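Just below is one structure, and these are the notes that go with it.
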Amino acid sequence: MSLMARIRTGRVEPTWARLAWRHRVAPAWLLAAFFIGLPGARAEAEDDASDEAADSSRLDALRAVAKDRGRGASGSPAWPRVERSASGSAVAAGSDALASGEGTQDDVRVLDDQDESPVALEGARGGDETLGAETSLARPAEPDTGTGISFGSYGRVTAGSDLRGSTPRGAQVVAHGNRIVEGSYLELDLYYKLRPRNDIAIRLVTTPALSGDLFHYSGDFNAQIALRNIFAEATFSDRYMVWAGSRMVRGDDMYLLDFWPIDGLNVVGGGAEMKSGRFEGAVSLGVNRLVRPFQYQTINVADRLQGAQSIVQLDRQRFVGSTNASYRLLGDGEGVGMKVKGVIEIHGLPAGEYKRDDLTYKNLPADFGVAFGGQLGMWGFGERDSHVNLFVRLARGLAAYDELDVPSGLDEHRQSFPGASEFLLGASGNYEAGPFGVLLGSYIRRFTDADRSVKDEDDYWEGIVDVRPYVGMLDLFQVAVDVSYQQRLPRGPSPTLLEVTNPAVFQVAPMVVLSPAGNGSYARPQVRLVYAAAHLNEGARDLYPEEDIRHDRSWNHFFGLQAEWWFNSTYR
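To convert, note that position 518 of the sequence shown is 869 in the numbering used here; the numbers rise steadily by one, no gaps.
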């Protein structure tokens with residue numbers, strides 16, 4: 352019997368093993384602790400045997416309840432079953448109330464607010480969603496003390512070919528294309544939680560992220576590393592929360608298109624949240640200062656004594672603030688639920704001066720932006736993670752551009768407000784019934800920059816629809832096909848073809864999915880064998896330079912393997 356099996360069954364489980372399991376100690380540390388704690392194992396064997404008997408009785412009782420409710424209790428994986436809620440967020444559950452089917456929405460928490468047990472109860476849903484049709488119990492859930500160290504991750508790895516002997520590249524003509532051909536990416540969520548008082552919970556979160564080519568692929572030992580989260584938050588009486596630091600402020604996403612339509616900001620600052628019955632509200636305030644000439648410049652000047660020194664010539668912080676409020680119109684944790692949500696964003700940029708190489712100065716005036724977003728969401732009308740969300744967003748000025756991008760197409764005063772604008776209407780959803788399921792992601796978007804040209808290629812309508820139906824087999828495999836169509840309709844002509852083109856891409860991608868956690872669009876981890884064929888029209892190929900080999904190829908191919916997982920992952 353393996354070491355981990357002996358620990359789980361209680362044959363060897365000194366105090367260090369319990370702590371190691373609860374706090375996710377790495378396997379190497381666990382082995383070291385084993386040899387250190389072995390002499391004390393026999394002394395605790397009798398106590399552990401009685402604990403095992405109690406746990407076994409509790410597990411049998413929970414299984415009996417699950418069987419009575421027609422959910423089953425077998426075949427669970429060796430990791431927590433982590434799902435996404437009806438609105439698209441990653442969630443898991445581990446409360447006895449949920450296992451018995453008597454829990455309410457307050458018994459299921461978003462992973463951000465949860466101290467995960469080693470194996471969670473499968474099938475439980477987040478937010479206002481009901482329990483899934485299948486609940487598996489691998490072992491009794493650990494009590495949630497709300498303290499200690501925990502770990503989570505989101506990751507994906509892609510290995511494949513374009514069937515021409517080169518690295519595969521996705522074909523995209525819209526701002527948010529489908530996510531079939533994606534680069535490898537990893538987030539590591541590190542949490543420390545403590546409770547100085549019963550009604551106060553503190554959480555410290557650090558999320559380093561890595562992207563780019565992997566070392567085994569490129570031979571380059573360097574990695575692109577970023578800190579996506581580094582913040583501290585305090586929750587009072589499970590109703591009020593304040594935080595400060597650097598944070599991804601997230602709402603509900605479109606999984607197939609990998610973006611947040613109305614509330615997906617990156618904030619260095621602080622914020623607060625409040626929950627009261629059916630109402631939830633939040634506010635966040637922060638700044639950024641991109642290391643770009645648009646916001647930041649350093650120059651060399653003569654030193655007072657000798658030589659030269661570098662000084663800051665331009666330093667314009669962009670203010671980003673948002674507030675949102677949601678109200679649950681229908682649902683109390685059982686059956687169909689519905690909510691409505693509103694979001695307001697404010698962006699601001701002060702004036703500054705950029706120094707040219709000829710020692711003259713370019714004035715950069717203050718700028719402004721505002722955005723309004725709305726969402727209508729519904730869930731609980733199908734099995735597992737069935738949901739649908741409708742989004743709308745209206746933006747002016749700076750808010751029409753991503754906060755981490757430099758605005759382009761400014762007016763004659765070098766401002767984006769009020770000329771630049773964005774309108775977006777989107778829909779996403781997931782429906783599951785038995786072994787069948789289908790994912791949807793789609794939107795239409797109009798973008799206009801701030802310049803005065805009315806025949807500008809940078810002013811356009813664009814849209815995409817992406818559908819992924821699947822059928823599960825043996826509760827272990829899924830056979831799916833991802834079908835998408837995307838197109839851009841610019842106002843002005845192409846500078847190379849001298850006529851208006853409408854770039855478009857049609858793609859079909861059959862795949863076989865290994866899903867050890869069982870059926871479900873959001874069941875993870877997954878290993879996918881994928882083939883994708885994308886057809887580019889003349890307008891899409893024209894977006895590549897003539898020297899690019901893709902300029903003359905009507906078809907792009909991808910064949911390869913993908914792995915994707917998430918557990919205890921924070922998306923906010």
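All C-beta atoms, glycine included, are put in the ideal place defined by N, C-alpha and C.
All figures in this text were calculated on a predicted structure; none of them were measured in a lab.
How close, in whole Å, do the beta carbons of residue i and residue j come, if the pair is a contact with beta carbons under 8 Å?
i: residue 876; j: residue 915; result: 7 Å
i: residue 814; j: residue 794; result: 6 Å
i: residue 643; j: residue 757; result: 5 Å
i: residue 522; j: residue 537; result: The pair is not a contact, with the Cβ atoms about 25 Å apart (cut-off 8 Å).
i: residue 556; j: residue 894; result: Contact doesn't hold; Cβ gap of about 39 Å is too wide.
i: residue 855; j: residue 888; result: 5 Å
i: residue 878; j: residue 912; result: 7 Å
i: residue 918; j: residue 570; result: About 30 Å separates the two Cβ atoms, so there is no contact after all.
i: residue 840; j: residue 811; result: 6 Å
Using the C-alpha atoms, what's the distance from residue j back to residue i?
i: residue 849; j: residue 802; result: 20 Å
i: residue 529; j: residue 549; result: 45 Å
i: residue 833; j: residue 687; result: 28 Å
i: residue 672; j: residue 780; result: 28 Å
i: residue 736; j: residue 748; result: 37 Å
i: residue 759; j: residue 685; result: 48 Å
i: residue 713; j: residue 772; result: 25 Å
i: residue 707; j: residue 796; result: 36 Å
i: residue 434; j: residue 880; result: In this predicted model, residue 434 has a pLDDT of only 33, less than 50, meaning its place in the structure is not dependable enough to derive any value.
i: residue 865; j: residue 872; result: 12 Å
i: residue 597; j: residue 620; result: 6 Å
i: residue 593; j: residue 637; result: 14 Å
i: residue 852; j: residue 842; result: 9 Å
i: residue 704; j: residue 804; result: 26 Å
i: residue 683; j: residue 728; result: 14 Å
i: residue 717; j: residue 646; result: 11 Å
i: residue 623; j: residue 681; result: 25 Å
i: residue 498; j: residue 745; result: 41 Å
i: residue 695; j: residue 602; result: 13 Å
i: residue 654; j: residue 661; result: 9 Å
i: residue 782; j: residue 631; result: 26 Å
i: residue 576; j: residue 562; result: 7 Å
i: residue 640; j: residue 664; result: 13 Å
i: residue 874; j: residue 900; result: 38 Å
i: residue 702; j: residue 721; result: 18 Å
i: residue 459; j: residue 635; result: Because the pLDDT of residue 459 is 33, which lies under 50, any placement of that residue in the model is unreliable, and the number read from its coordinates should be weighed accordingly. Cα to Cα, residue 459 sits roughly 24 Å from residue 635.
i: residue 590; j: residue 628; result: 9 Å
i: residue 625; j: residue 515; result: 54 Å
i: residue 788; j: residue 769; result: 44 Å
i: residue 734; j: residue 532; result: 29 Å
i: residue 845; j: residue 808; result: 7 Å
i: residue 897; j: residue 762; result: 30 Å
i: residue 739; j: residue 605; result: 10 Å
i: residue 678; j: residue 692; result: 7 Å
i: residue 344; j: residue 883; result: Any question about residue 344 goes unanswered here, given that the chain covers just 352 to 923.
i: residue 817; j: residue 777; result: 12 Å
i: residue 676; j: residue 633; result: 6 Å
i: residue 920; j: residue 859; result: 30 Å
i: residue 568; j: residue 910; result: 16 Å
Have a look at the options and flag the residue whose alpha-carbon is nearest the alpha-carbon of residue i.
i: residue 574; options: 564, 583, 582 and 580; result: 564
i: residue 830; options: 843, 798 and 870; result: 870
i: residue 754; options: 719, 805 and 742; result: 719
i: residue 674; options: 651, 724, 859 and 627; result: 724
i: residue 902; options: 633, 908 and 890; result: 890
i: residue 535; options: 518, 524, 525 and 527; result: 518
i: residue 609; options: 807, 791, 887 and 885; result: 791
i: residue 581; options: 566, 570, 599 and 571; result: 599
i: residue 545; options: 532, 501, 572 and 635; result: 501
i: residue 698; options: 616, 652, 568 and 733; result: 616
i: residue 558; options: 568, 571 and 539; result: 539
i: residue 751; options: 897, 743, 764 and 800; result: 800
i: residue 767; options: 806, 700 and 690; result: 700
i: residue 669; options: 547, 618, 505 and 578; result: 618
Have a look at the DSSP bridge pairing and note the partners of residue i.
i: residue 537; result: 506 and 561
i: residue 865; result: 828 and 878
i: residue 645; result: None; residue 645 has no bridge partner.
i: residue 692; result: 677 and 726
i: residue 795; result: 776 and 814
i: residue 522; result: Paired residues: none, contrary to the question.
i: residue 501; result: 542
i: residue 582; result: 556 and 596
i: residue 740; result: 728 and 779
i: residue 916; result: 506
i: residue 908; result: 884
query: Three or more C-beta pairs closer than 8 Å, one from the segment 580 to 588 and one from the segment 540 to 560: is that the case here?
result: Segments in contact, yes.
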